[in-house]
Amino acid sequence: MDTPPPSRTGMGAALRQDSALRHATGEARFLDDLPEPPGLLHAALALSPVAHGSLAPLDLAPARAVPGVVAAFGPAEVPGRNDISPSGKAAEVLFATGHVAHWGQPLALVVATTRDAALAGAAALRPEIAELPPILSIEAALEEGALLMPPQVIARGDWEEALAAAPRRIQGEFRCGGQEHFYLEGQIALAIPGEDGDLLLHSSTQHPTEVQHIAARVLGCDYNRITVQCRRMGGGFGGKESNASWIAAAAALAARLTGRPVKLRLSRRADMAATGKRHPFLYRWRAGIDARGRVLALDATLAADGGHSLDLSGGVIFRAVTHALNAYDVPAVRITGLACRTNTVSNTAFRGFGGPQGALLMEDVLHGAARALGVPVDSLRERNFAGGPNGAETPYGQALEGDLIRRVWAEARRDADWEARRAEIDAFNAAHPTLRRGLGGFALAFGISFGIMAMNQAGALVHVYTDGSIRLNHGGTEMGQGLFIKIAQVVAEVFGVEVERIRITATSTAEVPNTAPTAASTGSDLNGWAAHQAASAIRARMAAVAAALWKVEAAALRFADGRVTAGNHAMDFGELAQQCWAQRVSLSATGFYRTPDIHWDPVAMRGEPFFYFSYGAAFAEVLVDTLTGEYRVTRADLVQDCGRSLNPAIDRGQIEGAFLQGMGWLTCEELWWDAAGRLRTLGPSTYKIPGSREMPKAFHLRLLEDSPARANTIFRSKAVGEPPLLLATCVWNALRDAVSPLGETPRLDLPATPERVLAALRRGAQVRQP
Amino acid sequence: MTGCIAFLLNGEPRRLPPATPPGLTLLDWLRAPDGAGLPGTKEGCAEGDCGACTVVLEEADGSRIPVNACLALLGQMHGRAIRTVEGLGGGAAPHPVQRAMAEGDATQCGFCTPGIVMSAWAHAREGGAADEALAGNLCRCTGYRPILAVLESLTDDGAPPPSPPPVESAEFIAPGQVFHRPASLAEALALRAAHPEAWLLAGGTDLGLRVSEHRERPGRILGLSGVAELQALAVHPGRLRIGAGVTYARLLKAIAPLPDLAPLAAYLRRLGSRQIRGMGTLGGNLGTASPIGDALPPMLALGAELVLASAARGERRLPVADFLTGYRRTALAPDEIIAAIDLPRPPAGAILACEKLSRRHDQDISAVSAAFLLRLGEGVIDGARLAFGGMAATATHAPAAEAALVAAPLAEASFEAAAAALARDLTPRDDWRGSAAYRMRGAQGLLRRLYWRAARPDLMLEVQG
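If you're matching them up, the sequences are chains A and B in order.
To convert, count from 1 in the first sequence and add 318; that's my numbering.
To convert, count from 1 in the second sequence and add 1; that's my numbering.
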């Protein structure tokens, strides 16, 4: 593809998020801001007060007796199937029946004329539950063999023999925590019944098609009765991929059964109790290394806490095991991924989808190797990067680009001024009685595409009107990530018009059907191409009209600056649109795209499942108080490969935001369950996401320059949603550096709260004073 | 004096219908179609933490107080001037703050943006550090860099303050709910004696949660924010007299110029957020008597005395330590109101340290809070008052640790001995903010830090320093 000419608003322009000004004036409408339809009822969920038990049929009369309550529904009232499984491969219920499997599990839905009455109705229910002992940890699940699905194992070479033959053998165990999405806008849906069984379902969802399917399954109707619409979400991060579906289905159920519009908006507490989170992981590994720190063999088990049901855990484990070696090469390896079943909320998609958890493994292995050899961990990275003198192929058979790994690493290290600061930090640490500084790096290779091959498809619908204005619709959803403006830029580029000519519209199953979720960082890759196809089809028809009019070759036509030109001929884009209409030429087209060249054999666990990889590297410095474990990230230097960025302003925002979100997961965000399995961190007062002071005070970011994607991506751009979240891993490494002198890295589980940092400092001190 | 709640909303006088529940949150009323019908202000958490519901109270002196609309009750808003995001600008005429947020790429999903715009608008006038201005606003998308850049670029728009009509004492009666808003202490004490069961509402940053998050609807509320006597604040050479209704924001402004109280000022800047400090009061924190009330350890270490008032018996004075009788229990009689706090200032040469351990530096509830007052003689510690929060059922002194320091030399070993003694003084508990072991080790670490503060005042000792 030729390099397109620079454009004010087309490809590569640093435009702002499509609704930015309306966000700032409060005029951008989120779902709860829509005018309330007449007769609206409000809904509230009744949630299980225990983690595990046998549930007697729930008496709904106490809820119905509360003033203002109109109706209450449990599993018996479901006209279709009480089944919300996103994969369709597991028994996952909308309302518990016979058995409760986690604290906070939905039992029933109460609808009332006011939200407070609905909440009071739900609170009036008295479920009878005979409690059973819950499984509340990954260890307990492993002991009981409680798994949600068979293990996923990726292996290469004779790892057992290579382990036995290695000059040194090391091992380790550690864990990382889960993460609440904490989208600022909680889960919400508004169902409006129409005539003859039609239902309009407004949903704050990343996956309108799945909302449609699951609502239809619960109602027992055809998909074509349900239209799902989403203009914008107040954040998603994976939390509105499968979880939005059952919330919308519950609202749809109540609307169908009452014949009235129903809104279900979860309170923050209910949202945090009843919706899934990032999977916590427990890691156990054994490795064989040589005297120079090359990792020769590795056998690792990555055990994820999937919660009580399957949800999307299969995909999360897939991504964890395919990313367990990250940017590194280990010749002989076995990676075993387990989805453990516990009596906690069913864990789900969260930005990175198991990839961030997978990539932690090699960090711990390299720390283990560094400890065994008494060398700095960063000295072992280049020795083990994939490509170069090492193998470039992942254990499942897809090639990594070793030159890009080395390039992002070298550039980040140069930006971080590593050599000079290492010396400065060591001098500071020697002099200060209570504070320590630490420096840590990280390099990343993240595969782009859905792990389920069929999901790598997208559709778009473009109309050109006779005044030359354009209406754009596609299957992607806007959750703040800037997808809508990026796709509009693609269309602007095709038509050679300013992006202001393009009307961005709400995602709707009525306009583009059978879509994939906006997830896996694929939003602009997939929908960008689909919109490109649709716009190009219209452009070709328009070009034919102009070519005939001017008696020139269609190839001689140029669409630019809002005009169509050929030699001395010129016409406004709108004028040509009018001409097309007059000549009865269609100005509307659908576009469709399927990612080429990807394949996966889930039995052999081999293939080339990713269209390409995204690369990045980062360094962080921390300042740690050895007296209290308090710390601060003082500086970060990031280099991220975005290919040829579609929109550098949007990409920068994605990278910075992902980095801080990743930091939150690894540092201050901790989900805390009590011994009875009740989540006690149910709001921002107890669950602490990063605030502005957590941003590294020196925060440097560069997009990798002159690096167009090698795969045939849309305008040679690369995905940016998830990969930079992993870059925050450098903060973990910086903390490990700070809490330990050379070669004595103590275990530091995640999240690395001040409490864990202080404990690690004490362990480090014990190592130093034998 | 039964009346209607009246205030200025975006510069326009509003008089609410008499049946409007005075205990409704400002946020619920703002957003409701039958309330203000202004959905620009968002609900993100309903617990005063995320800041999506931030609106600004415009004061007659021109100052701007950001507050959490989710915690503010309508009855408290009587006589105030409220500005929401819609009242700044919009459509074809956005306010420069709104324009700067959009043009600075400081919004992604946009849900937190209206609240941040309001915090930014207040900040443009109030000044201070951008991080401090943003401490009460969470953004999950941007990573904050562009937002901080916008805050640092803003200039005051010079808009004149509105002049809300003066208000007298009032009583708002809706079906099932009465809100008393006395204007004098005498009235307040009479109401307190007559209705001991009524919610005693100061800033409402704690009680407001029970309405906003837990959807309680109290039958009777005694709102104290209009009581003139409780608003008195006097700075004397040796002490402060702080009316129980003085907000943290006002207290901070008063002590900011006082070098001897600089550690307390820095500590109070970590208490909640600007939104919380704009409503919350010292009197409220004492009345709540939570073991993790951040205001309590400094009151204990400095030896504050409370002035308690009742209609029947007039005033009595009580040291803070005697006032706190147990977990959320106090010596306040059912007919009494906390009128004022007498806070001695540190004696010349003494070292005051106020410390807080929390998972996040800003807007977090303490795992451990502490205040230390150390008096030094010639190489010897003459006096030590050590007070902790989060380490027992109440905020409390640590007598054994204090004893270990008094008459001991200013040496690391003395503080090691005090740290060891602390384990005899206090038995903290496990919860989501920290394990008992961490709380003890962290508190001991704070004592060790006190040594370095005394011995090496030249050293930077805090990671946020």
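Idealized CB from N, CA, C, for every residue including glycine.
Quiz item: Beta-carbon of D459 (chain B) versus every beta-carbon of chain A: anything under 8 Å?
Solution: Position 458 of the second sequence holds residue 459 (chain B). It does not; no Cβ of chain A falls within 8 Å.
Self-check item: Through-space distance from G880 (chain A) to M319 (chain A), alpha-carbon basis
Solution: The residue given as residue 319 (chain A) occupies position 1 in the first sequence. The residue given as residue 880 (chain A) occupies position 562 in the first sequence. Only weak support exists for where M319 (chain A) lies, its pLDDT of 41 falling under 50; the coordinates are left without a value.
Quiz item: Run through DSSP, which three-state label would P1008 (chain A) get?
Solution: Position 690 of the first sequence holds residue 1008 (chain A). Coil.
Quiz item: Using the beta-carbon count (16 or more within 10 Å), is S367 (chain B) buried or exposed?
Solution: Residue numbering aside, residue 367 (chain B) sits at position 366 when the second sequence is read from its first letter. So S367 (chain B) ends up on the buried side.
Practice problem: Identify every run of the alpha helix (DSSP H) within the stretch 588-647 of chain A, keeping only runs that are complete inside it and at least 4 residues long; order them along the chain. | Solution: 631-640
Quiz item: By the 10 Å Cβ neighbour count, where 16 or more other Cβ atoms means buried, how is E217 (chain B) classified, buried or exposed?
Solution: What you label residue 217 (chain B) is simply residue 216 of the second sequence in a count that begins at 1. By the Cβ neighbour-count rule, E217 (chain B) is exposed, with fewer than 16 other Cβ atoms within 10 Å of its own.
Quiz item: Taking 8 Å as the CB-CB limit, is G552 (chain A) close to chain B?
Solution: In the first sequence, counting from the first residue as 1, residue 552 (chain A) sits at position 234. It does: the Cβ of G552 (chain A) has a partner Cβ on chain B nearer than 8 Å.
Quiz item: Can you tell me whether DSSP reads Q547 (chain A) as helix, strand or coil?
Solution: By one-based count along the first sequence, residue 547 (chain A) stands at place 229. In the structure shown, Q547 (chain A) sits in a strand (DSSP, three-state: E or B).
Quiz item: On the three-state DSSP scale, how would you describe Q77 (chain B)?
Solution: Within the second sequence, numbered from 1, the residue matching residue 77 (chain B) stands at position 76. Three-state result, Q77 (chain B): helix.
Quiz item: To the nearest angstrom, how far is it from the Cα of L471 (chain B) to the Cα of D1067 (chain A)?
Solution: Absent from the structure is residue 471 (chain B), since the part of chain B shown begins at 2 and ends at 466.
Exercise. Provide the residue(s) that pair with S337 (chain A) in DSSP beta bridges, ordered along the chain.
Key: Against the first sequence, residue 337 (chain A) aligns to sequence position 19. Paired residues: none, contrary to the question.
Quiz item: Is it true that the CB of P67 (chain B) sits closer than 8 Å to the CB of A342 (chain A)?
Solution: As a position in the first sequence, residue 342 (chain A) is number 24, starting the count at 1. As a position in the second sequence, residue 67 (chain B) is number 66, starting the count at 1. It is not a contact, given that the beta carbons lie outside the stated cut-off.
Quiz prompt | Same chain only: Cβ atoms within 6 Å of H124 (chain B), ignoring 5 sequence neighbours per side | solution = In the second sequence, residue 124 (chain B) corresponds to position 123, counting from 1. Cβ neighbours of H124 (chain B) beyond the five flanking positions: A134, L152.
Self-check item: Rounded separation between D919 (chain A) and G633 (chain A) - CA only
Solution: For this step, residue 919 (chain A) is matched to residue 601 along the first sequence. For this step, residue 633 (chain A) is matched to residue 315 along the first sequence. Between D919 (chain A) and G633 (chain A), the C-alpha separation is close to 14 Å.
Quiz item: For Q497 (chain A), which three-state DSSP category applies?
Solution: Position 179 of the first sequence holds residue 497 (chain A). Reduced to three states, the DSSP call for Q497 (chain A) is strand.
Quiz item: In or out: L352 (chain A) buried (at least 16 other Cβ within 10 Å) or exposed?
Solution: To locate residue 352 (chain A), count along the first sequence from 1; it is residue 34. Counting Cβ neighbours within 10 Å, L352 (chain A) comes out exposed, since fewer than 16 surround it.
Quiz item: Are any of the Cβ atoms in chain B nearer than 8 Å to that of D943 (chain A)?
Solution: Taking the first residue of the first sequence as position 1, residue 943 (chain A) is located at position 625. With 8 Å as the cut-off, D943 (chain A) counts as an interface residue toward chain B.
Quiz item: Taking Cβ positions only, does D351 (chain A) come closer than 8 Å to chain B?
Solution: Walking along the first sequence from the start, residue 351 (chain A) turns up at place 33. It does: the Cβ of D351 (chain A) has a partner Cβ on chain B nearer than 8 Å.
Quiz item: Is A438 (chain B) buried or exposed, if buried means 16 or more other CB atoms sit within 10 Å of its CB?
Solution: Position 437 of the second sequence, counted from the start, is the residue given in the question as residue 438 (chain B). Burial call: exposed.
Quiz item: Which value, in whole angstroms, describes the spacing of the CA atoms of P167 (chain B) and S415 (chain B)?
Solution: Taking the first residue of the second sequence as 1, we reach residue 167 (chain B) at position 166. Taking the first residue of the second sequence as 1, we reach residue 415 (chain B) at position 414. Looking at the two C-alpha atoms, the distance is approximately 58 Å.
Practice problem: Using only alpha-carbon positions, find the residue among B:T42, B:K43, B:A175, B:D459 that is nearest to L20 (chain B). | Solution: As a first step, residue 20 (chain B) must be located in the second sequence, where it is residue number 19. One detail in the question is off: residue 20 (chain B) reads as Ala in this sequence, not Leu. Among B:T42, B:K43, B:A175, B:D459, the Cα nearest to that of A20 (chain B) belongs to B:A175.
Exercise. Would you list the residues sitting across from G327 (chain B) in a DSSP beta bridge?
Key: Position 326 of the second sequence, counted from the first residue, corresponds to residue 327 (chain B). Partner residues in the beta bridge of G327 (chain B), as assigned by DSSP, are B:R330.
Quiz item: Using the C-alpha atoms, what's the distance from G706 (chain A) back to L679 (chain A)?
Solution: Within the first sequence, residue 679 (chain A) is the residue found at index 361, counting from 1. Within the first sequence, residue 706 (chain A) is the residue found at index 388, counting from 1. Counting only the Cα atoms, G706 (chain A) lies some 22 Å from L679 (chain A).
Quiz item: Distance, Cα to Cα, E1073 (chain A) vs G386 (chain A)?
Solution: Counted from its first residue, the first sequence places residue 1073 (chain A) at position 755. Counted from its first residue, the first sequence places residue 386 (chain A) at position 68. Roughly 47 Å between the two C-alpha positions.
Practice problem: Using the DSSP secondary-structure output, state which residues sit across from W433 (chain B) in a beta bridge. | Solution: Sequence index remark: in the second sequence, residue 433 (chain B) carries index 432 (1-based). Partner(s): none; W433 (chain B) has no beta bridge.
Quiz item: Comparing the C-beta of K1006 (chain A) with each C-beta of chain B, is any distance below 8 Å?
Solution: As a working note, residue 1006 (chain A) is residue 688 in the first sequence. Chain B, which has a Cβ nearer than 8 Å to the Cβ of K1006 (chain A), makes this yes.
Exercise. Answer yes or no: do R724 (chain A) and G759 (chain A) have a C-beta to C-beta separation smaller than 8 Å?
Key: Your numbering for residue 724 (chain A) matches position 406 in the first sequence. Your numbering for residue 759 (chain A) matches position 441 in the first sequence. Their beta carbons are not under 8 Å apart, which means R724 (chain A) does not touch G759 (chain A) by this criterion.
Quiz item: What is the residue span of the alpha helix (DSSP H) that T3 (chain B) lies within?
Solution: On the second sequence, residue 3 (chain B) is found 2 positions in, with the first residue counted as 1. Taken as a continuous stretch (DSSP letters only), T3 (chain B) belongs to no alpha helix (DSSP H), as it is neither H nor E.
Quiz item: With a cut-off of 8 Å, do at least 3 Cβ pairs link the stretch 693-703 of chain A to the stretch 749-767 of chain A?
Solution: Pairwise C-beta distances place the stretch 693-703 of chain A in contact with the stretch 749-767 of chain A, as three or more of them are shorter than 8 Å.
Self-check item: F813 (chain A), DSSP secondary structure in three states
Solution: As a working mapping, residue 813 (chain A) is identified with position 495 in the first sequence. In this structure, F813 (chain A) counts as helix in the three-state DSSP scheme.
Practice problem: Find the nearest neighbour of R329 (chain B) within the set B:V369, B:G304, B:G391, judged by alpha-carbon distance. | Solution: Counting from one through the second sequence, the residue named residue 329 (chain B) turns up at place 328. With distances taken between Cα atoms, R329 (chain B) lies closest to B:G391.
Quiz item: In the stretch 1060-1075 of chain A, which residues sit with their C-beta less than 7 Å from some C-beta in chain B, listed in chain order?
Solution: Against chain B - using a Cβ distance shorter than 7 Å - the residues of the stretch 1060-1075 of chain A are T1071, P1072, E1073.
Practice problem: Compare the C-beta of Y268 (chain B) with all C-beta atoms of chain A and state if any pair is closer than 8 Å. | Solution: Translated into positions along the second sequence, residue 268 (chain B) becomes position 267. No, because no Cβ of chain A sits closer than 8 Å to the Cβ of Y268 (chain B).
Quiz item: Between the C-alpha atoms of G205 (chain B) and R602 (chain A), what's the straight-line distance to the nearest angstrom?
Solution: Counted from its first residue, the second sequence places residue 205 (chain B) at position 204. Counted from its first residue, the first sequence places residue 602 (chain A) at position 284. Taking the straight line joining both Cα atoms gives about 49 Å.
Practice problem: Assign P322 (chain A) to one of three DSSP states: helix, strand, or coil. | Solution: Translated into the one-based positions of the first sequence, residue 322 (chain A) becomes position 4. Confidence in P322 (chain A) is poor, its pLDDT being 49 and thus under 50, which makes the residue's placement too unreliable to answer from.
Exercise. Could you work out which residues of chain B lie near R334 (chain A), taking near to mean beta carbons separated by less than 9 Å?
Key: Numbered from 1 along the first sequence, position 16 holds the residue referred to as residue 334 (chain A). Residues of chain B passing the Cβ test: A103, E104, G105, D106, T108.
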